[in-house]
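Shown next, in structure tokens, is the structure this report addresses.
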Amino acid sequence: MIRETYLNTLTLGLFVLIPAWALMADEPFTITLMTRAAIFAIAAIGLNIALGIGGLVSLGHAVFFGIGGYAMGILAYHAQTYTPVAEWPFLIDGTKSMPIIWLVAVIVSSLAAFVIGSLSLRTTGVYFIMITLAFGQMFFFFTISWAEYGGEDGLSIYLRNGFPGLNTLAPIQFYGLCLVILCLVLLFTWRLSKSPFGLALNAARQAPIRVETVGLDPTRLKLIAFVISGAITGLAGALFADLNRFVSPTMFSWQTSGEIMIFLILGGVGRLYGPVIGALAYVALEHWLGGLSDYWHIYLGILLLLIVLFGRGGLIGLASGRKVAHD
Amino acid sequence: MKFTTMAATVALAIGITGAQAEPVKVGMITTLSGGGAGLGIDVRDGFMLAVKQAGNPDLEVIVEDDQRKPDIAVQLADKMVQSEKVDVLTGIIWSNLAMAVVPSVTAQGKFYLSPNAGPSALAGKGCHPNYFNVAWQNDNLHEAAGAYAKETGYKNSFILAPNYPAGKDALTGYKRFYGGDLAGEIYTKLGQTDYAAELAQIRASGADSVFFFLPGGMGISFLKQYADSGIDLPVVGPAFSFDQGILQAVGDAALGVKNTSQWNKDIDNEANKAFVEAFQAEYGRLPSLYASQGYDTANLLLSAMAKADVKDADAFRAALKEADFASTRGDFKFGPNHHPIQDIYVREVIKEGDVFTNKILAAALTDHADAYAGECSM
Amino acid sequence: MSFLLLIEQVLNGLQFGIMLFLMAAGLTLIFGVMGLINLAHGSLYMIGAFCAAAVAAATGSFLLGLVAALAGAAAAGALVELVVIRRLYDKDHLDQVLATFALILIFSEGTRWVFGSFPLFLDVPDFLSGPVTLPGGIEYPLYRLALIVVGLLVALGLYLLISRTRLGIQIRAGENDREMIAALGIDIAKLYTIVFALGAALAGLAGALVGAIQSVQVGMGEPVLILAFVVIVIGGIGSIKGALVGAILVGLTDTLGGIFLPEALKLFLDPSTATSVGSSLASMAIYILMAAVLILRPAGLFGARA
Chain A
7 MIRETYLNTL TLGLFVLIPA WALMADEPFT ITLMTRAAIF AIAAIGLNIA
57 LGIGGLVSLG HAVFFGIGGY AMGILAYHAQ TYTPVAEWPF LIDGTKSMPI
107 IWLVAVIVSS LAAFVIGSLS LRTTGVYFIM ITLAFGQMFF FFTISWAEYG
157 GEDGLSIYLR NGFPGLNTLA PIQFYGLCLV ILCLVLLFTW RLSKSPFGLA
207 LNAARQAPIR VETVGLDPTR LKLIAFVISG AITGLAGALF ADLNRFVSPT
257 MFSWQTSGEI MIFLILGGVG RLYGPVIGAL AYVALEHWLG GLSDYWHIYL
307 GILLLLIVLF GRGGLIGLAS GRKVAHD
Chain B
103 MKFTTMAATV ALAIGITGAQ AEPVKVGMIT TLSGGGAGLG IDVRDGFMLA
153 VKQAGNPDLE VIVEDDQRKP DIAVQLADKM VQSEKVDVLT GIIWSNLAMA
203 VVPSVTAQGK FYLSPNAGPS ALAGKGCHPN YFNVAWQNDN LHEAAGAYAK
253 ETGYKNSFIL APNYPAGKDA LTGYKRFYGG DLAGEIYTKL GQTDYAAELA
303 QIRASGADSV FFFLPGGMGI SFLKQYADSG IDLPVVGPAF SFDQGILQAV
353 GDAALGVKNT SQWNKDIDNE ANKAFVEAFQ AEYGRLPSLY ASQGYDTANL
403 LLSAMAKADV KDADAFRAAL KEADFASTRG DFKFGPNHHP IQDIYVREVI
453 KEGDVFTNKI LAAALTDHAD AYAGECSM
Chain C
247 MSFLLLIEQV LNGLQFGIML FLMAAGLTLI FGVMGLINLA HGSLYMIGAF
297 CAAAVAAATG SFLLGLVAAL AGAAAAGALV ELVVIRRLYD KDHLDQVLAT
347 FALILIFSEG TRWVFGSFPL FLDVPDFLSG PVTLPGGIEY PLYRLALIVV
397 GLLVALGLYL LISRTRLGIQ IRAGENDREM IAALGIDIAK LYTIVFALGA
447 ALAGLAGALV GAIQSVQVGM GEPVLILAFV VIVIGGIGSI KGALVGAILV
497 GLTDTLGGIF LPEALKLFLD PSTATSVGSS LASMAIYILM AAVLILRPAG
547 LFGARA
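Chains as they are written, first to last, in my numbering: chain A, 7 to 333; chain B, 103 to 480; chain C, 247 to 552.
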């Protein structure tokens, strides 16, 4: 049994050591895979705030992932074709600058999370799972028929967007950028969970009535958590779109929501590093199992099943022997 | 499995003489798992058959499964370019995956040979000297269907396709050559399986013919329900809903339906006869049009390898452009935008013994080029 | 649009709704009794269709195919319940979602491994093929009429089973108080296996019936699964009556929305824009309906408990 803290340090170490090795060995694709893992980790950290701390089982987080992706896609597409995004009420031009794209992704996905959250939080339990799924499907079908931005074909952005002072097309530099964001998001989440808001949110999940009696509104706490959660997943979506230089409605599909949830559960729900370990493990599995057989989904399925049935608390739970995250 | 997806490295003995100095590494990204796997398997099997027949030791093929997901396809393309350092990519089945992969790999100086998808964006403004389409531009088969409808004298067609870009291209392509009136025009949901409502509209519309583009399972469902509805109008469609893999699942409902294709197993030329025979001997099933496209793609590549070194991009490109190979389709050449100029036929679904298959009736369009070539500047 | 066409479209919506009900009934039953979210329900639908296609191809009999679908899906259901599902009852919804998602992966690729990547053939039996003329002159496929009848019979059968039989009493008791009926000496584990197999059989039946007019292929279950979830959420999870009402509501919305939204928009927009916008809205219609129902009634139309 390993202490959870050691495990977390080890994970972060892997995020530095593997790309460093890949750089030496001239294996740029490994760096691309690690970038993928880092971005998935950010998306799942977003979900962890809603699900792990707030207890909101959202099967619609693909909405925010997709909005982030399309924020990048639409802005960069207009910059690439030299057309304005909108001429009314005032002129908005496209952009190829990552910071601006990230800002737009975060703002738009928070707004969407606010609207979806306000409506969905009227329900609880299974109904909440299903209403978030319904919103996901609405966005999915909408983008499929949104001919202006490629419909089902999606949008190809030929060159990765720029970040001041970096050559983002070099895999290691783009990876570095994603890793820094991952660390910042981790830091933010850690501070959040220790803040008065985080503690109140945790209490609202475990004992909503008590929280109400001390004068806090649990629904409001959960809504704020949902908005923060959506914003972080939206940011991950923008990064993912830049990694692929491509966006499509697949980002909005319910399978994407399911995958983000799998990263989280694989690693350990409610634990700070759960999403990080889960995303890393998933990308590794996808890579290795995919090489073993055309029918690798069977093995992936069996493995997931074993983890749910026998490994409560995800991989971290298995390794540290602690079934419940310490709050 | 004959080859694992990871490293289906083919390196056989027997050399062919030619100018090849460096080996050519080919990365094939195609759909081998999930619902759309049948098409990818056919393309791969056709391609590998040609590779095996050539026995060229300088050709190495790496096959990977994209699971029909654009982001996986992009990732695999990165892997092929960055880690495997391939010279040529091929294999993608779906237009949306092609749009995600092709612009970036050709921009990085690699060659891409498309064995199936031909989105209009890559034929027109987005054309690229290193991109060669060995199948068709997406509109082609629909245009042929329109030409056939016009020639047959249909005046009032009811047309339908799924509500996504390829569906819109299909109806546009049909209308481009059809010229008559439309009794109705419907966009169905992508992945829709029940067409009762559309069939009722067709019945009430007073149409004299029906054109549909519903690939994969959607087409199977539509045809079965159409046959069961008692509507007795002639149906025209592109080959995608009538290929060898799907026909057996449609059964009698497809018998007699006219469809358009650039290939069929009874096209009378030596290359095609040899292909059909070898494919059946190797895999124990009849080849589909996807298999023929995979086979032609590999032979095009082999013909260019015999003439030029892949490291000399200009010479290799010129060698590809010549299309100096024996196509299963007979005459085959590239237009200015590197898309095929070829004949497109009208086929009819027939039953040979217990097996449903197609036979060619006539050519619908001869030496047909696509409508976007003019927009391409290269 | 003529009145007759409207009637025909309403029939189509009804028929689609009834097929959804067969899927949704099993799903809602399983949730009501065991409190389990079963994403793998669509896989049981697929197994039913594949069993029917395989047996019908081997024997030439559609009816034997139906029997095989019922038996195959029920057996698969019972097996999965014994091996996996029963370990999930006391876990939270999150674990259930993940575990049954894993089952989808296993079932889909397993089916592809056994049957190959190409769709299978299953056709409407001769005695039900072709259209019949209804009063008023509507030509309507006989098979679709038969589907409506079978669906309604199943609904009636379920009602009788639950309200009149000993098993039904146990099911209702199980929904209300699990510990109590266990204390009364009823083998709750066996009851759960039976209920799960029953739900699976219903899904398998739906798969086989629908497979005859659609494509029998891997992945056919997932779109229907999502629709079935929409149905039971609208109806109120756990309520069979809710599932029936929800299914018909969803069937009608989906069918009529696809026709009338583009037509209605043509009053304001030019035809091609109207067709395209209308089709987009139509594909979102049932999800909008579901969100609206949940916002107004957070536990669905007939939901007893949230």
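Just so it is clear, CB atoms sit at the ideal spot from N, CA and C, and this is done for glycine as well.
A quick note: this is a predicted structure, and the numbers were derived from the prediction, not measured.
Burial state of residue i (16 or more Cβ within 10 Å)
{"i": "C/Phe-373", "result": "exposed"}
{"i": "C/Arg-410", "result": "exposed"}
{"i": "B/Val-312", "result": "buried"}
{"i": "A/Arg-9", "result": "exposed"}
{"i": "C/Asn-422", "result": "exposed"}
{"i": "B/Val-183", "result": "buried"}
{"i": "C/Val-539", "result": "buried"}
{"i": "C/Arg-551", "result": "Legend: pLDDT at C/Arg-551 = 48, less than 50; position of this residue unreliable, value from coordinates given subsequently. Exposed, since its Cβ has fewer than 16 Cβ neighbours within 10 Å."}
{"i": "C/Pro-381", "result": "exposed"}
{"i": "C/Ser-354", "result": "buried"}
{"i": "A/Cys-189", "result": "exposed"}
{"i": "A/Trp-294", "result": "exposed"}
{"i": "B/Lys-104", "result": "Caution applies to B/Lys-104, whose pLDDT of 38 falls short of 50 and renders its modelled position unreliable; the value that the coordinates give is listed next. Burial call: exposed."}
{"i": "C/Ser-518", "result": "exposed"}
Endpoints, the alpha helix (DSSP H) within which residue i is located
{"i": "B/Ser-311", "result": "No alpha helix (DSSP H) contains B/Ser-311, which is instead part of the beta strand (DSSP E) from 311-314."}
{"i": "A/Phe-46", "result": "34-54"}
{"i": "B/Ser-405", "result": "391-409"}
{"i": "A/Met-78", "result": "68-87"}
{"i": "B/Lys-227", "result": "Per DSSP, B/Lys-227 belongs to no alpha helix (DSSP H) and is neither H nor E."}
Nearest to residue i (by Cα), restricted to the options the options
{"i": "B/Leu-292", "options": "A/Phe-147, A/Gly-74, A/Ala-111 and A/Gly-297", "result": "A/Phe-147"}
{"i": "A/Ile-51", "options": "A/Leu-315, A/Val-275 and A/Leu-309", "result": "A/Val-275"}
{"i": "B/Asp-411", "options": "B/Asp-189, B/Met-150 and B/Gln-294", "result": "B/Asp-189"}
{"i": "B/Pro-159", "options": "B/Thr-459, B/Leu-404 and B/Phe-315", "result": "B/Leu-404"}
{"i": "C/Asp-338", "options": "A/Val-314, A/Leu-324, A/Val-253 and A/Ile-322", "result": "A/Val-314"}
{"i": "C/Ser-526", "options": "A/Ile-178, A/Trp-152, A/Leu-291 and A/Ile-283", "result": "A/Trp-152"}
{"i": "C/Tyr-389", "options": "C/Ser-375, C/Gly-382 and C/Leu-407", "result": "C/Ser-375"}
{"i": "B/Tyr-392", "options": "B/Gly-140, B/Glu-162 and B/Tyr-276", "result": "B/Gly-140"}
{"i": "A/Ile-266", "options": "C/Val-343, C/Thr-521 and C/Ile-417", "result": "C/Val-343"}
{"i": "C/Val-330", "options": "C/Arg-412, C/Tyr-438, C/Tyr-405 and C/Gln-416", "result": "C/Tyr-438"}
{"i": "B/Val-338", "options": "B/Asn-240, B/Leu-273, B/Ser-390 and B/Gly-308", "result": "B/Leu-273"}
{"i": "C/Ile-276", "options": "C/Ala-493, C/Phe-442 and C/Gln-255", "result": "C/Phe-442"}
{"i": "B/Asn-374", "options": "B/Gln-169, B/Phe-427 and B/Pro-267", "result": "B/Phe-427"}
{"i": "B/Leu-151", "options": "B/Gly-386, B/Tyr-289 and B/Asn-366", "result": "B/Gly-386"}
{"i": "A/Tyr-155", "options": "A/Leu-312, A/Ser-254 and A/Leu-311", "result": "A/Ser-254"}
{"i": "A/Phe-145", "options": "A/Val-91, A/Val-110, A/Ile-73 and A/Ala-176", "result": "A/Ile-73"}
{"i": "B/Glu-484", "options": "B/Lys-181, B/Gln-444, B/Gly-432 and B/Leu-388", "result": "What is shown of chain B runs 103 to 480, which leaves residue 484 of chain B out entirely."}
For residue j and residue i, believed in contact at Cβ under 8 Å, the rounded distance
{"i": "B/Trp-238", "j": "B/Gly-220", "result": "5 Å"}
{"i": "C/Val-400", "j": "C/Leu-268", "result": "6 Å"}
{"i": "A/Met-104", "j": "A/Gly-168", "result": "7 Å"}
Start-to-end residues for the beta strand (DSSP E) that takes in residue i
{"i": "B/Ser-216", "result": "213-216"}
{"i": "B/Tyr-447", "result": "442-454"}
{"i": "B/Lys-127", "result": "126-132"}
{"i": "B/Ile-462", "result": "457-470"}
{"i": "B/Ile-164", "result": "161-167"}
Residue-chain proximity (residue i, chain D), Cβ-Cβ < 8 Å
{"i": "C/Gly-311", "result": "The structure shown has no chain D; the protein chains it does contain are A, B and C."}
Can at least three beta-carbon pairs, one atom from the region 254-263 of chain C and one from the region 508-515 of chain C, be found at a separation below 8 Å? no
Would you call the region 524-540 of chain C and the region 497-504 of chain C touching, i.e. three or more CB-CB distances under 8 Å? yes
Any chance the region 173-190 of chain A sits against the region 18-34 of chain A, with 3 or more Cβ pairs inside 8 Å? yes
Is it a yes or a no for the region 354-367 of chain C touching the region 477-484 of chain C, going by three-plus beta-carbon pairs under 8 Å? no
Tell me whether the region 210-223 of chain A and the region 37-48 of chain A touch, counting them as touching only if at least three CB pairs, one residue from each stretch, are closer than 8 Å. no
Do the region 193-200 of chain B and the region 408-422 of chain B touch if we need at least three Cβ pairs shorter than 8 Å? no
When the Cβ atoms of the region 281-297 of chain C are set against those of the region 411-420 of chain C, are three or more pairs found closer than 8 Å? no
Quick one: any contact between the region 302-318 of chain B and the region 275-290 of chain B, if contact means 3 or more CB pairs under 8 Å? yes
For the 8 Å Cβ check, are there 3 or more pairs between the region 235-253 of chain B and the region 455-471 of chain B? yes
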